[in-house]
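Data block below; observations after.
Number of protein chains: 4
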Amino acid sequence: MCRFLAWVGKQRYLDELVLEQEQSLVIQSRNALIGKTPINADGFGLAWYSDRKMPCFYKDTHPAWSDANLKQLAHHTQSRLFLAHVRASTGTATSRNNCHPFGVGRWSFMHNGQAGGHDLIRQELDAMIPAHLYGQRFGATESEAIFLIAHGEGLETDPIGAMARAVARVELVSSRHKVLPYMRFAACWSDGERVYAARYASDKYAPSLHYRTCKDGIIISSEPLDGNNEGWIEIQSNTAIETEGSLVRTHSFRPFEALDQVEVA
Amino acid sequence: MCRFLAWVGKQRYLDELVLEQEQSLVIQSRNALIGKTPINADGFGLAWYSDRKMPCFYKDTHPAWSDANLKQLAHHTQSRLFLAHVRASTGTATSRNNCHPFGVGRWSFMHNGQAGGHDLIRQELDAMIPAHLYGQRFGATESEAIFLIAHGEGLETDPIGAMARAVARVELVSSRHKVLPYMRFAACWSDGERVYAARYASDKYAPSLHYRTCKDGIIISSEPLDGNNEGWIEIQSNTAIETEGSLVRTHSFRPFEALDQVEVA
Amino acid sequence: MCRFLAWVGKQRYLDELVLEQEQSLVIQSRNALIGKTPINADGFGLAWYSDRKMPCFYKDTHPAWSDANLKQLAHHTQSRLFLAHVRASTGTATSRNNCHPFGVGRWSFMHNGQAGGHDLIRQELDAMIPAHLYGQRFGATESEAIFLIAHGEGLETDPIGAMARAVARVELVSSRHKVLPYMRFAACWSDGERVYAARYASDKYAPSLHYRTCKDGIIISSEPLDGNNEGWIEIQSNTAIETEGSLVRTHSFRPFEALDQVEVA
Amino acid sequence: MCRFLAWVGKQRYLDELVLEQEQSLVIQSRNALIGKTPINADGFGLAWYSDRKMPCFYKDTHPAWSDANLKQLAHHTQSRLFLAHVRASTGTATSRNNCHPFGVGRWSFMHNGQAGGHDLIRQELDAMIPAHLYGQRFGATESEAIFLIAHGEGLETDPIGAMARAVARVELVSSRHKVLPYMRFAACWSDGERVYAARYASDKYAPSLHYRTCKDGIIISSEPLDGNNEGWIEIQSNTAIETEGSLVRTHSFRPFEALDQVEVA
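Chains as they are written, first to last, in my numbering: chain S, 4 to 268; chain V, 4 to 268; chain U, 4 to 268; chain Y, 4 to 268.
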């Protein structure tokens, strides 16, 4: 399991959220308060949108708290939309290629969760990735596989439905191999304009996910960034959100229903 | 392209070959004399056989010349059979998971070469890896894929034939995608008892490969480790060698013939 | 603060103590039970004595639990005398040069503790290092400085007295700058034959230190390696131990008395 | 010896100079054309001035050509003033703390060269660093020492004179120890407004240094960034330059004269 946060709104410095909050992401890397994995120190990553076409990625394998570059970059970089992630491996190696966020074109994606039986199912997941995107299969995580499979499901035009279908397809594989939990999924993704986030599990334990509307924008985070929790809204399981400007829209996120709709059609 | 060496014989310290020769492997990492890639600084690796069942692997992503641990370990470690490799990436990331040698059970493997169109063919190569070995597909190189596919071809009982068939199968994929060169292959592999090495290319440019019989053992190396080349024998293209004690046996290594034999049968 | 262990006795594999115990050193890197710093993930190091003249050092900056090389090396390396350390930085950078154990000639040294006001006192500590050893001042920790200053105090012939005097000299500097705590010190050092360990603080909070005599040798460790604590002896503050074969001798370790004796003489 | 470049002028993306030129800095890291060290692969660093008070530093220990983060950051970061450096160690470890540029407050500094007898003179250099800056002595290079000593000589108010005196003081130490070459020095430093660069040696072999005035700004570089050398001006030995807007002023840079002036006064 991992921790992450995202910001969309007025341009701001990354370190205001990544480092300076009472329960900032870097503090969560040593001491997450929600969930079963207090230490999230198997690498980290940032993705931010600048004036270039593609987002910028900075990822590395050390704990977020000990990376001198992270502190520098987060202090000097401003962005109106960024994603940040600290990783706790559920089995795959600590490697830059396994660090989130992942990117394809304008899109970025990060995930907290797992699909059961990783080593048993990975070859099948890899086969489900669209051939033209396989050159962007850099690592071995099921997270990156879900993201690439979602592209094959039409992420560009149907960001929430495609992600739901990708989650369903991966869960089908893990449930066939019967290694529990089949799917735990809290994720956040963006095309550089809107931010999407969703929460789901095949059992009762969907990983935590929250958001908060501030004066100048919206924060999405695995856990509240301050002590008193004021203003934070918990995203419920089977639910996705979508930002549009300062608005947050709520959608259903039921992977198998999304899959049925397509397959019936 | 990369550089490598292997030793089998009397137990000796690794640094005698890796660091102390006139044209040692670490010197080759800065200044290889044969081949088109003088700098081989995208990581390195050692595999040695000790008293444990499996070989020991030490791999990292810095240039071999600047790794303080490598100097220490090579100075203190003795082995009767070891492999050492310095990497020049032909496209995939500089990542520990992409560093040679690779290991499965008792077997270790290292490679210098490439298969054309890496990003176009990788998904097909991944699908050819036996399912029960996919958990050991850690990186993204075609080298590791060839090794795992060779296991599926029966490497345990037919070490040279299985490797030849794996090379043929990979070349079939790259030639179908028409990205030249289809296959360049100089490799070395071992089960901890014998060392095997082979040289082959789909064109005229098979990567260099040499061996030398010394008083206490046999060295296999991409290029001679000393200036005068005395005693070094060049392995010809379409040829494999196999050590047995202090003997070196020569075999034919014609991938498509090897494949035909099986497929006819 | 950090965690460490040492072994002297019959040759054994390093992973038996570093990885396989209920409260092994790698488990302590995520979850130390004694002391105020449960996470010790700012690098790690091993030093072991082989057939070579000098000890072998393997050190790196990732958390011990995520380093694939550490697992390999600890599994394949046997030694009759080794030191192992996991680091929690008290301020200096996460850098290989700041990882313990440190080495000079046959000697190795590792430390858990701190001297107050590190940045204020470091230049004075550096000036106290013998000129001929300054080429071995690689990092910035006060730990390494104490070790090098101890060499100047005659560590070779008076291993416990010299270390005590070095600790006193460093404490004199930190107490002059009035940054508390002046000195916290639990350390372990060896010449490849005997292992020495000492515990001391300028206040009541000397870092934990234990040892245990087993059938085939002696373990010295920051905390017991098993749950029930059976057979573990706590080393008291102001006390040093010295191994000789299977014997453990206890000595007084009172830095200022040691310094007075020399200065009177 | 190393390679470096700096830009001051209109805001531009870093990768235009670091990656996209015919003889870009990243190409120089594999194949420098001038000087005796074609490979500069022992780490790299960037410093750029943003809207924050201090410059931003990104430094790491891999070869510049293989660092995925470097490519990303240089592509997305714009600055009106930046420094970039690729390192070839002359002895000290490959460590982030030894990577250039170095920073103190608003100032950044990078160097290509060496002072003879590094390990013999380092303790004396360390003692010459102003006490209040010793907390910023992170590594072991003589380059960082020269920069910190220059601060003690009044870099803030006399950027060229103070640097010259620092160089003279360090050369006095190395010449006393009689290890040649006493001083080779090509360097570039900035307060975020102006860029300074100087070239000097105690013998005939001052490291190369060039600049070029473009439409929108000034490039300073170890070697010309294109093949035809058009428009590039070689800075002569014993000479410093200073930018002011689009102007380049030339100054004498004679370390011992600079020192004499102060000492007479």
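Beta carbons are placed, not taken as given, at the ideal position from N, Cα and C, and that holds for glycine.
In the DSSP annotation of this structure, S:Asn72 is not part of any beta strand (DSSP E); the continuous alpha helix (DSSP H) holding it starts and ends at 71-79.
DSSP, reduced to helix, strand and coil, places V:Arg140 outside both helices and strands of the structure shown, so it counts as coil. Under the three-state reduction of DSSP, U:Gln264 is assigned to helix.
Contact note: V:Phe60 reaches chain U through Gln75, using a C-beta cutoff of 7 Å and chain order. The DSSP-derived three-state label of S:Asp18 is helix. Annotated three-state conformation of Y:Ser27 is coil, per DSSP.
A Cβ-Cβ contact shorter than 8 Å links U:Trp68 with U:Ser32.
Within the segment 124-154 of chain S, contact with chain V at the beta-carbon level (separation under 8 Å) is assigned to Arg125, Gln126, Asp129, Ala130, Ile132, Ala134, Tyr137, Gly138, Arg140, Phe141, Ala143. Within 8 Å of the CB of S:Ser92, no CB atom of chain V is found; the nearest one sits about 13 Å away.
U:Gly116 has U:Phe188 as its beta-bridge partners, per DSSP. Straight through space, the alpha carbons of V:Ala134 and V:Pro258 are spaced by roughly 23 Å. By the neighbour-count definition (other C-beta atoms within 10 Å, threshold 16), V:Glu156 is a buried residue. Using beta-carbon distances, Y:Arg33 counts as an interface residue toward chain V, with a partner under 8 Å. Interface flag for V:His79 against chain U is set, since a Cβ pair is found closer than 8 Å. Interface flag for U:Ile42 against chain S is set, since a Cβ pair is found closer than 8 Å. For V:Asp122, the residues of chain S that pass the 8 Å Cβ criterion are Tyr137, Gly138, in the order they occur in the chain. The C-beta of U:Cys217 has fewer than 16 other C-beta atoms within 10 Å across all chains shown, which makes the residue exposed. Beta-carbon to beta-carbon, S:Gly248 and S:Pro58 are separated by about 19 Å, too far to satisfy the 8 Å threshold. With a cut-off of 8 Å on Cβ pairs, the segment 6-22 of chain V is in contact with the segment 73-87 of chain V, counting three or more such pairs.
In this structure, S:Ile236 and S:Trp10 do not form a Cβ contact; the two beta carbons are roughly 16 Å apart against a cut-off of 8 Å. If you draw a straight line from the Cα of Y:Gln126 to the Cα of S:Thr40, it comes to about 45 Å.
Sixteen is the threshold: since fewer than 16 other Cβ atoms of the shown chains lie within 10 Å of the Cβ of V:Leu183, the residue is exposed. From the listed residues S:Ile238, S:Asp219, S:Arg215, S:Asn241, the smallest Cα separation to S:Asp229 is found for S:Arg215. The Cβ neighbour count for V:Gly234, taken over all protein chains shown within 10 Å, is under 16; the residue is labelled exposed.
The three-state reading of DSSP puts Y:Arg6 in strand, counting E and B together. Below 8 Å, too few C-beta pairs join the segment 237-245 of chain S and the segment 83-91 of chain V to call them touching: fewer than three. Its chain contains Phe105 as the residues whose beta carbon lies nearer than 6 Å to that of V:Glu147, once the 5 sequence neighbours on both sides are disregarded; these appear in chain order.
No Cβ of chain Y is located within less than 8 Å of the beta carbon of V:Asp63. Following the DSSP letters along the chain, one finds S:Val198 in no alpha helix (DSSP H) but inside the beta strand (DSSP E) bounded by residues 198-204.
Put simply, the CB of S:Arg172 is far from chain V, with every gap to its CB atoms at 8 Å or more. U:Thr97 has a beta carbon lying within less than 8 Å of a beta carbon in chain S.
Secondary structure note for U:Ala50: it is in no alpha helix (DSSP H), and the uninterrupted beta strand (DSSP E) holding it is 47-51. Under the 8 Å criterion on CB atoms, V:Asn100 is classed as interfacial with respect to chain S. Contact annotation: in the segment 205-220 of chain U, no residue has its CB less than 9 Å from a CB in chain V. With fewer than 16 other Cβ atoms from the protein chains shown falling within 10 Å of its own Cβ, V:Glu25 counts as exposed.
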